[in-house]
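All remarks here apply to the structure that follows.
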Amino acid sequence: MAKKNEYSGAEKLAILEELKTGGGTLVEVAHKYNLHKKTLRAWRHQYELYGMEGLEIRIKNNRYSPELKLQAVQDYLSGKYSQYELIDTYKIASRTQLRSWIAKYNSHSSFKSVNEGASAMTKGRSTTWQE
365 MAKKNEYSGA
375 EKLAILEELK
385 TGGGTLVEVA
395 HKYNLHKKTL
405 RAWRHQYELY
415 GMEGLEIRIK
425 NNRYSPELKL
435 QAVQDYLSGK
445 YSQYELIDTY
455 KIASRTQLRS
465 WIAKYNSHSS
475 FKSVNEGASA
485 MTKGRSTTWQ
495 E
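Under my numbering, the final residue of the sequence shown carries the number 495; numbering is consecutive throughout.
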């Protein structure tokens, strides 16, 4: 299988165009480029949802507000929507991300983001040589 991010956005688009124009079946095109067929399906879905931007290599992670996380989890737990529908609706990066929010919600953890810019270490108390 290909390494992660081995293909640029333009290369991914060319592979999808080959698949679309009948350059082979999903399995044949996947084999030709040493990809898994699920990877091609994911690329196609990302392209349909986000356009060319969906195929580009992301440099930084997406940030989601606590309100969006809570709404997505509540919509899922209501049973009205599948995980796939919710990641498309809320433009969440993956099902894994949504599942981690659901697990946090079910364990009664907070969705609040970590204190941004805060020091990771706290200052300990001063000690003397006699201690």
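By construction, the Cβ of each residue, glycine as well, lies at the ideal position given by its N, Cα and C atoms.
Open item on the list: Residues in the same chain with beta-carbon distance under 6 Å from residue 492, minus the five sequence neighbours each way, listed in chain order, please.
Closed with: So the list is empty, once near-sequence residues are dropped.
Task: With 16 other Cβ atoms within 10 Å as the buried cut-off, status of residue 448 - done: Residue environment for residue 448: exposed (fewer than 16 other C-beta atoms within 10 angstroms of its C-beta).
TODO: Please name the residue in 472, 389, 438 and 417 whose C-alpha comes closest to that of residue 377.
DONE: The option with the nearest alpha carbon to residue 377 is 417.
Open item on the list: For residue 426, which residues in the same chain have their Cβ closer than 7 Å to its Cβ, ignoring the five residues on either side in sequence?
Closed with: If you ignore the 5 residues before and after residue 426, its C-beta comes within less than 7 Å of the C-beta of 457, all in its own chain and listed in chain order.
Task: Cα-Cα separation, residue 386 to residue 459 - done: Going from the Cα of residue 386 to the Cα of residue 459 covers about 30 Å.
Open item on the list: Only counting the same chain, and skipping five residues up and downstream in sequence, which positions put a Cβ closer than 7 Å to that of residue 436?
Closed with: Hits under 7 Å: 450, 454, 456, 462 and 465.
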